[in-house]
Structures are given as C-alpha cells and as structure tokens.
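Let me begin by presenting the structure, written as structure tokens, before commenting on it.
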Amino acid sequence: MFKFLESLIHGTRDHKAITPPTRLLSFYWHFISQTPRIYVALLVSSLSVALVDISLPIFFGKLVALMTAPNTAAALAAQTSVLWIMLLVVLVVRPLIQFIDTAIINNALIPGATVLVRWQSHWHVVRQSWAFFQKDFSGRIANRVMQTAESLRTSVIMAIRSVLYFFSWGLLTLGLIAGFDWRLSVPTLIWLLAYLVFLRIFVPRLRDLAKLSSDANSMVMARVVDSYSNILTVKLFARTSDEDAYVREVMDEHQVAIAQHMRMASYVEFTLRTLNAMLIVSTAVIGLNIWRHGLISTSQLVTALPLVWQITNMASSIASTVASVFENIGAVQGGIETIAVPHGLVDDKAAKPLKVSQGEIRFEQVSFSYDAGKPVLNNIDLIVRPGERVGLVGRSGAGKSTLVNLLLRFSDIEHGRILIDGQDIRYVSQESLRTQVGLVTQDTSLLHRSITENIGYGQPHATQAEIEAAARKAQAHEFIMNLCDWNGREGYQAHVGERGVKLSGGQRQRVAIARVILKDAPILLLDEATSALDSEVEASIQEQLIDLMEGKTVIAIAHRLSTIARLDTLIVVDQGRIIEQGTHSELLRKNGLYAALWQHQSGGFLADELPKEVILPLVAMETK
Numbered sequence: 214m215f216k217f218l219e220s221l222i223h224g225t226r227d228h229k230a231i232t233p234p235t236r237l238l239s240f241y242w243h244f245i246s247q248t249p250r251i252y253v254a255l256l257v258s259s260l261s262v263a264l265v266d267i268s269l270p271i272f273f274g275k276l277v278a279l280m281t282a283p284n285t286a287a288a289l290a291a292q293t294s295v296l297w298i299m300l301l302v303v304l305v306v307r308p309l310i311q312f313i314d315t316a317i318i319n320n321a322l323i324p325g326a327t328v329l330v331r332w333q334s335h336w337h338v339v340r341q342s343w344a345f346f347q348k349d350f351s352g353r354i355a356n357r358v359m360q361t362a363e364s365l366r367t368s369v370i371m372a373i374r375s376v377l378y379f380f381s382w383g384l385l386t387l388g389l390i391a392g393f394d395w396r397l398s399v400p401t402l403i404w405l406l407a408y409l410v411f412l413r414i415f416v417p418r419l420r421d422l423a424k425l426s427s428d429a430n431s432m433v434m435a436r437v438v439d440s441y442s443n444i445l446t447v448k449l450f451a452r453t454s455d456e457d458a459y460v461r462e463v464m465d466e467h468q469v470a471i472a473q474h475m476r477m478a479s480y481v482e483f484t485l486r487t488l489n490a491m492l493i494v495s496t497a498v499i500g501l502n503i504w505r506h507g508l509i510s511t512s513q514l515v516t517a518l519p520l521v522w523q524i525t526n527m528a529s530s531i532a533s534t535v536a537s538v539f540e541n542i543g544a545v546q547g548g549i550e551t552i553a554v555p556h557g558l559v560d561d562k563a564a565k566p567l568k569v570s571q572g573e574i575r576f577e578q579v580s581f582s583y584d585a586g587k588p589v590l591n592n593i594d595l596i597v598r599p600g601e602r603v604g605l606v607g608r609s610g611a612g613k614s615t616l617v618n619l620l621l622r623f624s625d626i627e628h629g630r631i632l633i634d635g636q637d638i639r640y641v642s643q644e645s646l647r648t649q650v651g652l653v654t655q656d657t658s659l660l661h662r663s664i665t666e667n668i669g670y671g672q673p674h675a676t677q678a679e680i681e682a683a684a685r686k687a688q689a690h691e692f693i694m695n696l697c698d699w700n701g702r703e704g705y706q707a708h709v710g711e712r713g714v715k716l717s718g719g720q721r722q723r724v725a726i727a728r729v730i731l732k733d734a735p736i737l738l739l740d741e742a743t744s745a746l747d748s749e750v751e752a753s754i755q756e757q758l759i760d761l762m763e764g765k766t767v768i769a770i771a772h773r774l775s776t777i778a779r780l781d782t783l784i785v786v787d788q789g790r791i792i793e794q795g796t797h798s799e800l801l802r803k804n805g806l807y808a809a810l811w812q813h814q815s816g817g818f819l820a821d822e823l824p825k826e827v828i829l830p831l832v833a834m835e836t837k
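Residue numbering for the sequence shown follows our numbering, starting at 214 and increasing by one per position.
Here is the structure:
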C-alpha cells in the first residue's frame with residue numbers, strides 16, 4: 214500500500230513548459246490539477262472520517278436510551294445488532310479510515326506533491342534570464358522556491374482535512390438535531406451563519422498580515438544568506454557589527470510583522486470563544502426546556518449536546534487552522550511573485566539550432582541600455598572575421614563586457630542585430646548559441662562539486678583522460694593533484710566549496726580555463742581571463758591560450774594591454790562607441806585614445822580613470 218501511494222505522484226516527471234499563473238487560485242489549481250485523483254481521495258477520506266466520527270454520539274445516545282428503557286433486557290436484545298455495529302465502527306472502521314486518511318497525506322502528498330511543486334518551480338526559475346537573478350537576492354529566490362511548495366501543500370491539506378471536516382460535521386449536526394426538534398437546531402444555525410461572517414471579516418485581515426510576515430521572513434533569509442555568502446569580505450573589513458545592524462533591521466521588521474499577525478489571531482481567538490460559549494449555553498437551555506416538556510427524549514438530548522460541544526472544540530482549532538492556512542497562503546502569494554514571473558528572454562517559436570561553419574560575428578547598428586534613457590552602446594558596427602582574434606580595449610564602464618553579454622544573448626538589444634555566420638541570434642535557440650561559445654570571465658565562480666565535475670561541465674561526455682588533459686593545458690594539473698578536501702577526497706575528486714572558496718583566485722581561474730579548453734567551442738570569449746594569475750603562470754597560460762585560439766573566432770577583453778597587444782585587431786570602446794580600431798602598432802602611430810591609455814598604464818594595468826583633460830580632447834578628436 215505504501216509503495217502504491219508513493220508512486221502516485223512522480224515529482225520530477227516531465228511537464229508542460231508553461232509559466233505558472235499569477236492569480237492565487239489559478240496557481241493552486243495549476244499544481245493540484247496535475248494529480249487530481251490523490252486530492253479527491255483525500256477529500257473522500259476526510260468526509261468518511263467526519264461521517265464515522267459523527268456516528269459515535271449517535272451510538273452513545275442509543276446507549277443512554279437502552280440504559281433508561283423500562284425493560285433493559287428486552288431493549289438490549291432488540292438493539293444487539295446496533296451494538297455490534299457500534300463495536301465494529303469503533304474498533305475497525307474508524308481506525309482503518311483514519312489510517313487511510315493519514316497514509317494519503319504522509320505517503321503521497323507530503324513527499325510527492327512537495328517535490329512536484331518544487332521541481333516545476335525550480336525548472337521555471339532556473340530558465341529565467343541572467344537579469345532576473347541580478348535583481349533579487351539568490352537566498353530569497355531559493356527560499357521562495359522551497360517554501361512555496363511546502364506552504365501550498367500544507368494549506369491544501371489543512372483546507373480539506375480540517376476545514377472541510379469541520380463544515381461537514383457542522384452541517385450533519387445541524388440536520389441531525391433538526392430532526393430531533395427544529396428549535397434545537399436554531400442556535401447551531403445562527404452560530405454557523407455568525408461563524409461565516411466572522412471568517413469573512415477576519416480572514417482577509419489574517420491573509421494580508423500573513424503576506425507581510427512571509428515577505429519579511431524572505432527578506433531576513435535573503436540578508437542572512439547575503440552575509441554568509443560574503444563572509445570573507447565581512448571578516449576582511451571587520452564589519453561584523455555592521456552586518457548585525459544589516460540583519461537586525463529586517464529581523465525587527467519581521468518581529469513587528471509577526472506581532473501584528475498574532476495580535477489579530479488573538480482577537481480571532483477571543484471572538485470565537487465568545488461565540489462558542491453562546492452556542493453551548495443556548496443549545497443547553499433550549500434543549501433542557503423542550504426536554505422538560507417531553508418534546509425530545511433523553512437520548513436525543515444526550516446526542517445533541519456532545520455534537521454541539523464537538524463543534525465548539527473544532528471551531529477553536531479551526532480558527533488556528535484558518536490562521537495557519539492563510540499564513541501559508543501568504544507564503545504562496547510571496548512565492549508567486551518569484552515563481553510565476555514570465556521568462557524575460559524566450560526563444561522564438563521558430564528558433565533553430567545555431568550552426569557555426571566559419572565563426573563570423575557581426576554587430577550591425579547595435580544599441581542597448583540597461584536603464585531607459587541611459588544608453589550603454591550606441592550604434593555599434595563591428596565585423597569579426599572567421600578565425601580573427603579581436604581585443605576590446607577601454608576604461609571600466611565603456612561597454613566592453615556588455616558587448617560580450619549581448620553576443621551571448623543574456624539581454625536583448627534595443628536596435629540593430631547581431632549575426633553569427635549570417636544567423637540572427639534572436640532567431641536561434643539560446644542553448645545552441647551558448648553551446649557554440651566558450652567564455653572565461655574575470656569573476657570565476659565554480660560549482661560546489663568535485664574538480665572533475667567542474668571541468669567536465671564544459672563537455673558532459675568527456676572522459677577522465679580528456680578532463681586531465683585540459684587541466685594540464687591550463688597549468689592546473691599539478692595543484693589539483695595536491696588537493697584534499699574536508700572529507701578526505703583527493704585530487705580530481707576533491708570538492709572546491711561554495712563558489713570555489715577552497716581554491717585561490719588563480720586556481721579557480723585555471724580550472725575555469727580548463728573547462729573552456731575542454732568545451733572547445735568555435736567562438737572564444739575572454740573577459741580578463743588571466744587577471745587573477747601571477748606573472749609566471751600567466752605567461753605560461755598565455756601560450757596555451759594562443760594554441761586554444763587557433764582556428765577560433767576570438768574576442769578578448771583585458772585591462773592589461775600587454776596581454777592582447779598581439780591580437781589581430783584591437784577595438785577601442787569609449788562611452789558606448791567604437792572610436793578606434795587597428796593593430797597595436799597602427800593604434801600607437803595614430804596617437805589617439807589607445808596610445809594615451811598605453812602611456813598611462815602602471816605596471817601593465819590600465820588606470821580606471823584618466824584625467825578629463827586627456828580623455829575628452831582625444832574622444833572629441835576621434836569622433837569628428
């Protein structure tokens with residue numbers, strides 16, 4: 214039975230690639246409708262539990278009738294079958310139904326539904342554009358993906374198992390005691406109507422406060438993760454106290470949000486207890502009065518009072534349950550803001566795989582801005598011939614890395630087009646585009662996995678021998694063989710820690726270069742690829758990169774001009790425009806911006822800022 218229930222929901226199964234709805238009920242139905250049978254089964258089991266439970270006070274009433282009968286022996290003989298049924302219900306039927314109800318939740322919904330929501334949420338979020346992740350804390354995104362699944366599952370189970378159970382009991386009780394005497398049902402009817410009004414008034418307030426509490430909790434998680442992820446910077450600058458203040462601010466806000474939520478919950482509890490007391494007293498008074506006049510029997514009164522008492526007991530827990538349901542709904546609403554965001558960059562419906570035969574790259578009248586009215590690139594025209602090695606030169610913020618990011622289609626351009634072998638990259642699949650491009654950046658981030666997995670990321674089907682060969686070319690093999698992680702794994706099986714924290718900057722860079730060497734893509738992008746290496750290792754790797762560039766179209770960015778001076782063509786970018794291009798010697802002879810940058814280098818590095826009296830005349834001269 215357990216295996217059957219566990220097999221009903223396969224959380225990581227293939228699913229339709231659609232954006233989850235942004236409306237709350239539609240978002241719930243989007244996931245529930247994928248496995249409706251299990252929720253119907255829970256609905257049936259919960260109703261069955263309610264029916265069985267409500268039969269117990271009826272049986273107790275019959276026992277009282279037997280005990281108060283004038284001829285107990287005769288009455289007992291006449292009701293023998295009823296007593297056996299009562300015994301069967303108490304000893305067999307009720308435990309069995311409750312077991313099935315619990316098994317559906319524990320063995321199907323908790324493992325299966327939770328994973329299904331998490332998997333599909335992750336599947337959608339991980340395919341968001343790079344810009345999506347730049348706008349939010351990674352910790353908050355992860356927290357919402359994880360928490361939304363649990364909150365959705367919990368709120369649905371509570372709504373079916375507790376709320377539905379309660380209203381089923383209430384309606385059955387109302388019908389049963391109305392059959393005894395309609396006047397006996399009046400307090401219960403009034404109470405149920407008052408309870409609905411009570412929910413209508415307080416539930417929206419609880420929902421809104423729960424949403425605020427959930428958002429505050431996500432922000433706490435985001436800031437805590439941000440501090441932990443950058444713990445080296447915190448320690449290096451001795452800013453632990455400042456981080457305390459950074460986290461304390463949102464924790465205080467979270468405490469206020471929780472306090473407001475719980476204050477409302479206390480109001481709810483007090484109001485409900487008052488309603489419950491009024492129901493019990495009024496039912497007892499009316500019941501005793503009509504019993505005294507002989508309009509109902511003792512057994513009927515004994516049956517009615519426990520039923521009403523049970524309603525009030527459940528109502529108290531239901532108030533807490535409703536608060537919890539809406540607390541979870543608040544978490545789901547917060548999750549929708551992250552999970553149900555449509556993809557910012559999507560493949561064209563007719564997108565085809567990119568086919569690179571030669572590797573020619575063209576930027577035609579390309580303009581782009583991150584913020585409206587603040588252009589980063591202005592009408593860029595650039596042709597990189599097949600097999601040509603091009604270096605991009607310019608000060609920080611000139612637009613060099615933006616050109617590389619646009620070529621990878623991390624963002625869509627606003628004007629113009631980018632072509633690879635005559636194919637507009639907007640009309641090829643993003644996956645095929647990035648498969649054909651190898652990139653090494655100055656900010657190398659490794660996966661919290663083994664060296665083998667990190668290098669092999671460039672070519673999933675590579676053999677261990679191919680991985681080690683790439684590491685040797687990147688001058689990484691020697692230090693890799695000396696690695697040993699915290700679990701005693703050595704060499705290529707050693708894990709590198711989160712973002713590669715167990716390695717030095719130069720070691721991370723060499724692993725990243727090995728990964729690109731293994732990928733062997735026809736287009737190679739180098740964004741400060743050797744910036745973290747010492748001079749001796751850099752000189753050695755430069756030779757390996759020269760070999761790697763052979764037969765590839767290359768675009769390289771470097772502040773250290775000596776590292777790209779030997780490339781075929783140098784492109785000088787400033788203020789989002791190409792203002793010079795040529796070989797190193799040609800640009801020096803032109804005595805323009807490149808020559809000024811070359812002269813102002815210090816120790817081989819490009820100064821971040823040149824004096825305005827030097828730069829502005831040069832820019833003006835080049836753009837006349």
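The beta carbon of each residue, even a glycine, is placed where N, CA and C say it ideally should be. Here the structure is a predicted model, which is why all the values come from computation and not from measurement.
CA nearest to the CA of residue i, picked from the options
{"i": "ILE271", "options": "PHE393, PHE345, ARG366 and GLY352", "result": "PHE393"}
{"i": "ALA536", "options": "CYS697, ALA517 and ARG413", "result": "ARG413"}
{"i": "ILE298", "options": "ASN319, ALA316 and LEU276", "result": "LEU276"}
{"i": "PRO417", "options": "ARG712, ILE542 and MET464", "result": "ILE542"}
{"i": "LEU301", "options": "LEU269, VAL433, ILE444 and LEU659", "result": "LEU269"}
{"i": "ILE524", "options": "TYR378, SER645 and LYS803", "result": "TYR378"}
{"i": "PHE244", "options": "LEU296, ALA286, VAL262 and VAL328", "result": "VAL328"}
{"i": "ILE574", "options": "GLU703, PHE312 and LEU595", "result": "LEU595"}
{"i": "GLU644", "options": "ILE267, ASN430, ARG685 and GLN341", "result": "GLN341"}
{"i": "ALA725", "options": "ILE664, GLY704, MET694 and ARG639", "result": "ILE664"}
{"i": "ARG790", "options": "GLU711, PHE346 and VAL589", "result": "VAL589"}
{"i": "GLU681", "options": "GLN655, ARG712, ALA727 and GLY710", "result": "ALA727"}
{"i": "VAL437", "options": "THR453, SER609 and TYR480", "result": "THR453"}
Exposure of residue i, with buried meaning 16 or more beta-carbon neighbours within 10 Å
{"i": "TRP504", "result": "buried"}
{"i": "GLU793", "result": "buried"}
{"i": "ILE549", "result": "buried"}
{"i": "LEU238", "result": "exposed"}
{"i": "ILE759", "result": "exposed"}
{"i": "SER259", "result": "buried"}
{"i": "HIS474", "result": "buried"}
{"i": "GLY701", "result": "exposed"}
{"i": "ASP428", "result": "buried"}
{"i": "LEU449", "result": "exposed"}
{"i": "LYS562", "result": "exposed"}
{"i": "ASN443", "result": "exposed"}
{"i": "PRO555", "result": "exposed"}
{"i": "SER815", "result": "At SER815, the pLDDT of 44 sits below 50, so the modelled position is not reliable; the number obtained from the coordinates is stated separately. Classification of SER815: exposed, given that the 10 Å Cβ count is below 16."}
C-alpha gap between residue i and residue j, whole angstroms
{"i": "THR657", "j": "GLU577", "result": "30 Å"}
{"i": "VAL559", "j": "ILE552", "result": "16 Å"}
{"i": "SER334", "j": "VAL641", "result": "25 Å"}
{"i": "ASN284", "j": "MET491", "result": "38 Å"}
{"i": "LEU738", "j": "LEU652", "result": "5 Å"}
{"i": "ASN356", "j": "VAL376", "result": "28 Å"}
{"i": "ILE632", "j": "ALA809", "result": "At residue 632 the sequence reads Leu, which differs from the Ile that was named. LEU632 and ALA809: Cα-Cα distance of roughly 32 Å."}
{"i": "ILE222", "j": "ASN320", "result": "10 Å"}
{"i": "LEU322", "j": "MET359", "result": "16 Å"}
{"i": "LYS765", "j": "ALA734", "result": "8 Å"}
{"i": "ASP637", "j": "LEU646", "result": "10 Å"}
{"i": "ALA771", "j": "LYS686", "result": "21 Å"}
{"i": "ILE390", "j": "SER351", "result": "57 Å"}
{"i": "LEU425", "j": "GLY224", "result": "30 Å"}
{"i": "TRP404", "j": "THR511", "result": "24 Å"}
{"i": "ALA171", "j": "GLY383", "result": "Residue 171 lies beyond the range of the chain shown here (214 to 837); nothing can be said about it."}
Where residue i falls: helix, strand or coil (DSSP)
{"i": "ARG374", "result": "helix"}
{"i": "LYS348", "result": "coil"}
{"i": "GLN672", "result": "coil"}
{"i": "PHE411", "result": "helix"}
{"i": "ILE231", "result": "coil"}
{"i": "HIS243", "result": "helix"}
{"i": "LYS613", "result": "helix"}
{"i": "VAL338", "result": "helix"}
{"i": "LEU558", "result": "coil"}
{"i": "GLU703", "result": "strand"}
Within-8 Å CB hit, residue i to chain D
{"i": "ILE680", "result": "Included in the structure is just one protein chain, with no chain D present."}
Margin query: Assess contact between the stretch 446-464 and the stretch 502-518, defined as three or more Cβ pairs (one per stretch) separated by less than 8 Å. Is contact present?
Written below: no
* the stretch 567-582 touching the stretch 771-782, judged by at least three CB pairs closer than 8 Å -> no
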